[in-house]
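To keep things clear, I will list the structure first and then write my remarks on it.
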Amino acid sequence: MADPVSYANPERDIEQALIALKKGTQLIKYSRKGKPKFCPFRVSPDETTLIWYSHGEKRSLKLSSVSRIISGQRTAVFRRYSRPEKEYLSFSLLYNNGERSLDLICKDKVETEVWLSGLKALISSKSRSRRTRSDISDFNDGGSDSIQNGRPYGATLEFASSITRTRFSVDLGSGETSLNCPGSDVGSERANMQARTSVGDGFRISVSSTPSCSSQGFGPDDIESLGDVYVWGEIWCDGVSTDGSGSPFPTKNDVLIPKPLESNVVLDVHQIACGVRHVALVTRQGEVFTWGEESGGRLGHGIEKDFSRPRLVEFLAVTNVDFVACGEYHTCAVSTSGDFYTWGDGTHNAGLLGHGTDVSHWIPKRVSGPIEGLQVLSVACGTWHSALATSNGKLFTFGDGTFGVLGHGNRESVSYPREVQLLSGLKTIKVACGVWHTAAIVEVMNQSGANVLSRKLFTWGDGDKNRLGHGNKEIYLLPTCVSALIDYNFHQLACGHSITVVLTTSGHVFTMGSTVYGQLGNPQSDGKLPCLVQDKLVGEFVEEISCGAYHVAVLTSRSEVFTWGSGANGRLGH
Numbered sequence: 001m002a003d004p005v006s007y008a009n010p011e012r013d014i015e016q017a018l019i020a021l022k023k024g025t026q027l028i029k030y031s032r033k034g035k036p037k038f039c040p041f042r043v044s045p046d047e048t049t050l051i052w053y054s055h056g057e058k059r060s061l062k063l064s065s066v067s068r069i070i071s072g073q074r075t076a077v078f079r080r081y082s083r084p085e086k087e088y089l090s091f092s093l094l095y096n097n098g099e100r101s102l103d104l105i106c107k108d109k110v111e112t113e114v115w116l117s118g119l120k121a122l123i124s125s126k127s128r129s130r131r132t133r134s135d136i137s138d139f140n141d142g143g144s145d146s147i148q149n150g151r152p153y154g155a156t157l158e159f160a161s162s163i164t165r166t167r168f169s170v171d172l173g174s175g176e177t178s179l180n181c182p183g184s185d186v187g188s189e190r191a192n193m194q195a196r197t198s199v200g201d202g203f204r205i206s207v208s209s210t211p212s213c214s215s216q217g218f219g220p221d222d223i224e225s226l227g228d229v230y231v232w233g234e235i236w237c238d239g240v241s242t243d244g245s246g247s248p249f250p251t252k253n254d255v256l257i258p259k260p261l262e263s264n265v266v267l268d269v270h271q272i273a274c275g276v277r278h279v280a281l282v283t284r285q286g287e288v289f290t291w292g293e294e295s296g297g298r299l300g301h302g303i304e305k306d307f308s309r310p311r312l313v314e315f316l317a318v319t320n321v322d323f324v325a326c327g328e329y330h331t332c333a334v335s336t337s338g339d340f341y342t343w344g345d346g347t348h349n350a351g352l353l354g355h356g357t358d359v360s361h362w363i364p365k366r367v368s369g370p371i372e373g374l375q376v377l378s379v380a381c382g383t384w385h386s387a388l389a390t391s392n393g394k395l396f397t398f399g400d401g402t403f404g405v406l407g408h409g410n411r412e413s414v415s416y417p418r419e420v421q422l423l424s425g426l427k428t429i430k431v432a433c434g435v436w437h438t439a440a441i442v443e444v445m446n447q448s449g450a451n452v453l454s455r456k457l458f459t460w461g462d463g464d465k466n467r468l469g470h471g472n473k474e475i476y477l478l479p480t481c482v483s484a485l486i487d488y489n490f491h492q493l494a495c496g497h498s499i500t501v502v503l504t505t506s507g508h509v510f511t512m513g514s515t516v517y518g519q520l521g522n523p524q525s526d527g528k529l530p531c532l533v534q535d536k537l538v539g540e541f542v543e544e545i546s547c548g549a550y551h552v553a554v555l556t557s558r559s560e561v562f563t564w565g566s567g568a569n570g571r572l573g574h
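According to the UniProt record's numbering, the sequence shown holds residues 1 to 574 in order.
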């Protein structure tokens, strides 16, 4: 959209307002069945039709079918899910003799005036005769129901809300992931983030309560501001062909500082996970979106197509998802009821998806077998294996058993979830997977003999590069407590390619493993034993940690993010 500053009084300059409407902009759209979401809106060149895109499909409304425009939030949906602070930014287009409405919210007052003046001018020039439903072209997602016997009906949406200054999640991706190239710098904005666990390298994603647009309508003082996703590092951008028509093959660019991820839907993000070349996120409404490079079905859309922007995993649309994890070739999700789903390419390794076969699944499939009847709380994905923890503290692993990474006392692969027997009777709190090693936080009885439980770090698998923290490079086929850290209780953990990162309940970070790229965060450490990360973290209380293949990010109680390790492609965001 053209710079709205030039429209100091858009009603006096309808021609410029119409130019802006034809160029288009992102507006929040309410609908009868879905949740409010950002959609790109524009007026057609012949000024007869309002056009937008929803879920990747083109929608349109003939302006000749619109009987009138009303400002504010006076329709049924706006009354039921009103946001008084956005009243002056809202308007509705009534059509079908006033029985239906298209309800929209602009980002600021100037944009609202531009759209209202332009649309009113266009509608006033059209015939005012009664319209029929046939005037609407491809309007199957519908506007907001406005009137039916004086009462609102069909309104099932929940406005995607987040609290400003509330921290969300950050995950460090692995490899060259397909992402949309964002359009604006965040400048000096600070992205408030929480860390999540993932294996990989290449770029990062963060979620911020700070809106991407500093405007009167969506400023930081909003009570319910919408969370933004930020990306940096090597990012896939929408390609442009020489003839300007666009290319189906995205290009890769290095984004050196965090930038907002463009999306056609409101992403009120609850949690994010990154694989090597794809990303998955869960919204607060329990929806799953994925995007990136398709391979073997890991995006879960059922088609062999890359997506540079978040796309809803429709198969899970009726499932309230709480948590997702990404491996290199597969994706996992856990519902709020504890059901466990996997999808992706199972042909690389028998049992990668946990269904007992090596068949690829292009849409999510629920895993049953040994975990039937159990409530899964969380899952972690490595490149060749996965691990999950249940509500009763049981730990299950499956996938390639090379180096004893599954913790079953051997190197055998398992094509379905199998309980780690050594930890049976204990409660596993958290688990993380590297490429060839696994780590878990487990509740054990205090050695003092008192009836007190403490949370200790157990690691197993390939000990190369000292990544297990046992002071050697041996292979451990069974979970083994890291004795060097026996005096500490742990809250979170993350695994990279050849490092393990853990967070104590007192807010301190320990790292162990390879010293390459400075990823241990302690120049004095040789990596043989766990080392405390100090330097700029001295005096800080770390609340969240996340780990890429060769870099680390942490979030402090002061909402500050620190990163270290490999800085290739701008992945550290400095």
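Note that beta-carbon positions come from the ideal geometry of N, C-alpha and C, so glycine has one too.
Quick test of your reading: residue i and residue j, contact by CB under 8 Å. State the CB separation rounded to the nearest angstrom.
i	j	result
V533	V561	No, V533 and V561 are not in contact; Cβ-Cβ is about 14 Å, not under 8 Å.
S60	I70	The Cβ separation is near 21 Å, so there is no contact.
S67	Y95	6 Å
K22	V43	5 Å
V114	A17	5 Å
P260	F289	That pair is no contact at about 15 Å.
G354	S391	In fact, because the Cβ distance is near 18 Å, the residues do not count as touching under 8 Å.
T397	R411	Actually they are not in contact, since the Cβ atoms of T397 and R411 sit about 13 Å apart, beyond 8 Å.
Tell me, which residues are paired with residue i by DSSP?
i	result
W115	The partner list for W115 (beta bridge, DSSP) is empty, contrary to what the question assumes.
K58	Y53
Q492	L503
N253	I235
R68	L94
W384	Note: W384 sits in no beta bridge, so no partner.
H574	In DSSP, H574 forms no bridge with anything.
residue 593	Shown here, the chain extends from 1 to 574; a query on residue 593 therefore has no answer.
A439	A432, T459
Rounded to the nearest angstrom, what separates residue i and residue j at their Cα positions?
i	j	result
K29	L312	17 Å
G425	K394	8 Å
I14	A121	7 Å
S263	G24	15 Å
T504	L453	15 Å
G399	D345	12 Å
T48	D108	25 Å
V501	S557	18 Å
V318	T336	12 Å
W564	I545	12 Å
R455	H470	17 Å
S358	D535	A small correction: the amino acid at residue 358 is Asp; Ser does not occupy that position in the sequence shown. Rounded to whole angstroms, D358 to D535 spans 47 Å at the Cα level.
S65	Q26	22 Å
P258	L572	9 Å
Q492	L388	15 Å
S124	N97	16 Å
G567	C237	20 Å
Q421	M445	18 Å
D141	N569	Note that D141 scores a pLDDT of 40, beneath 50, so its modelled location is shaky; the value from the coordinates is reported in the next line. Their backbone Cα atoms lie some 40 Å apart in a straight line.
A20	N253	29 Å
G187	G233	Because the pLDDT of G187 is 32, which lies under 50, any placement of that residue in the model is unreliable, and the question is left without a value.
S498	D464	8 Å
L468	C106	52 Å
Output yes or no for whether 8 Å exceeds the beta carbon distance between residue i and residue j.
i	j	result
L102	L93	yes
G338	Y416	no
L529	P479	no
V324	V367	no
V269	V229	yes
M512	N466	yes
V334	S378	yes
A380	V431	yes
V265	F38	yes
V542	G507	yes
F340	V376	yes
G72	E87	yes
G401	V414	yes
F307	W291	yes
T515	G527	yes
Q285	K62	no
G356	G369	yes
contact_flag[the segment 274-282, the segment 320-329] where n(CB pairs < 8 Å) is 3 or more: yes
The segment 355-365 contacting the segment 286-303, beta-carbon criterion three pairs below 8 Å: yes
Three CB pairs or more closer than 8 Å across the segment 427-442 and the segment 454-468: yes
Three or more C-beta pairs below 8 Å linking the segment 466-482 and the segment 551-559: no
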